[in-house]
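Presented below is the structure to which this report refers.
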Amino acid sequence: METFDVIIVGGGPAGLAGALTLARARRGVLVVDNGTPRNANAGHVHNFLTRDGTPPAELLAIARAEVEGYGASFATGTAAGAKATDDGFTVTLDDGRTFTARRLLVTTGLADELPDIDGLAGRLGSDVLHCPYCHGWEVRDQAIGIIATTAAVAHPALLWRQWSADITVVLNGQPAPTGQDAALLAARGITVVDDRVTAVDADRTAHLAGGATLTPDVWVVPTRMTARDDLLTDLGVETGPVLMGDIEVGTAVKSDANGATSVPGVYVAGNITDLRAQVIVSAAAGLNAGAMINADLAMADAHAALS
Numbered sequence: 001m002e003t004f005d006v007i008i009v010g011g012g013p014a015g016l017a018g019a020l021t022l023a024r025a026r027r028g029v030l031v032v033d034n035g036t037p038r039n040a041n042a043g044h045v046h047n048f049l050t051r052d053g054t055p056p057a058e059l060l061a062i063a064r065a066e067v068e069g070y071g072a073s074f075a076t077g078t079a080a081g082a083k084a085t086d087d088g089f090t091v092t093l094d095d096g097r098t099f100t101a102r103r104l105l106v107t108t109g110l111a112d113e114l115p116d117i118d119g120l121a122g123r124l125g126s127d128v129l130h131c132p133y134c135h136g137w138e139v140r141d142q143a144i145g146i147i148a149t150t151a152a153v154a155h156p157a158l159l160w161r162q163w164s165a166d167i168t169v170v171l172n173g174q175p176a177p178t179g180q181d182a183a184l185l186a187a188r189g190i191t192v193v194d195d196r197v198t199a200v201d202a203d204r205t206a207h208l209a210g211g212a213t214l215t216p217d218v219w220v221v222p223t224r225m226t227a228r229d230d231l232l233t234d235l236g237v238e239t240g241p242v243l244m245g246d247i248e249v250g251t252a253v254k255s256d257a258n259g260a261t262s263v264p265g266v267y268v269a270g271n272i273t274d275l276r277a278q279v280i281v282s283a284a285a286g287l288n289a290g291a292m293i294n295a296d297l298a299m300a301d302a303h304a305a306l307s
């Protein structure tokens, strides 16, 4: 069984930035990754200074090569379980391999949950979008259809209005906006359709329960974002709801500003703890968590030497 200073589960921007920081600190690092990044369907990464427009796979390949250059190790697979030991943690992969480490950094991100509508699955990040900062510029001035997924109907519509004057919201079973929300939508020329979407065709045509169809240039679906926290459950790490006002929009692992969780020695970074984090923010969080883990280990080494 191989032993490392730190095992990082998740090889996205947060995990690789943490690995880079720790490897440069001369720590023994193992990155476990199954090769299924959240943004795999997206054509490009945006809002990342000096890398704007880079395909996600290319960005990860460059980052991985940098991390490997400092001596970090990689294991391809899914971390199926983790448990605490007397001197750290043991992580078991789905193929039965086991590794141990003194500290654990989990950067497994989140899962985007789409409504159960035929034709949406597998299209998120391509012609079904959710984040205006990731995709707004690319669909500027196009006809944008929004399928409501929570009672917060006005928020995404008013946000996307910055990129296009042609916005249509299908309520899809959510309550119709009233009061100020209704006034704001009307003032911005946003059309609200009180109907349900039953299916979306390959050409983006949406079939409504009432018999009508809509074919915007692109569909926007605000997703429910759920932390991929399965590995952390057995360790007792806390996960909680994320609210927008009084509306739950997802879940996130609880951590402090340094990525430390409620369980000593277990850290998180990126979307698993911050639903809003884009690629550059996740990378920064991974760097920060890596530095904090190294500081934690440095103090442990000093106390061990003293004793």
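Start counting the sequence shown at 1; every next residue gets the next number (UniProt numbering).
Virtual Cβ for every residue (Gly too), placed ideally from N, Cα, C.
May I ask which residues mark the beginning and end of the alpha helix (DSSP H) holding ARG24? 13 to 24
**Study point:** Beta carbon of LEU110 nearer than 8 Å to that of MET225
**Key:** yes
Would the stretch 171 to 190 and the stretch 87 to 105 be scored as touching if the rule is three or more Cβ pairs under 8 Å? no
* To do: Have a look at PRO132, ALA148 and ASP86 and flag the residue whose alpha-carbon is nearest the alpha-carbon of ASP116.
  => ALA148
Buried versus exposed call for HIS303 [16 or more other C-beta atoms within 10 Å across all chains shown]
exposed
- For the candidate residues ASP141, PRO37 and ALA283, whose alpha-carbon lies nearest to that of GLY125? PRO37
Can you tell me where the alpha helix (DSSP H) holding GLY286 begins and where it ends? 279 to 306
Notebook entry, point to check: How should MET292 be labelled, buried or exposed, when 16 other C-beta atoms within 10 angstroms of its C-beta is the threshold for buried?
Noted result: buried
With 16 as the cutoff for other CB atoms within 10 Å, does LEU232 come out buried or exposed? buried
Quiz item: Do ALA101 and GLU5 come within 8 Å of each other at the CB atom, strictly closer than that value?
Solution: A quick correction: the sequence has Asp, not Glu, at residue 5. Yes, they are a contact pair.
**Request:** With DSSP collapsed to three states, give me the class of PRO241.
**Result:** strand
Open item on the list: Taking DSSP's pairing of strands, which residues face THR168 in a bridge?
Closed with: GLY145 and THR191
query = When the Cα atoms are used, what is the spatial distance from ARG276 to TRP137?
reply = 18 Å
### Message
Give me the residue from VAL220, GLU113, VAL106 and GLY210 with the minimum Cα distance to LEU159.
### Response
VAL220
How many Å lie between THR21 and LEU105 at the Cα?
12 Å
For this session: Name the residue from GLU2, ASN41 and THR54 whose alpha carbon lies nearest to the alpha carbon of LEU30.
Result: GLU2
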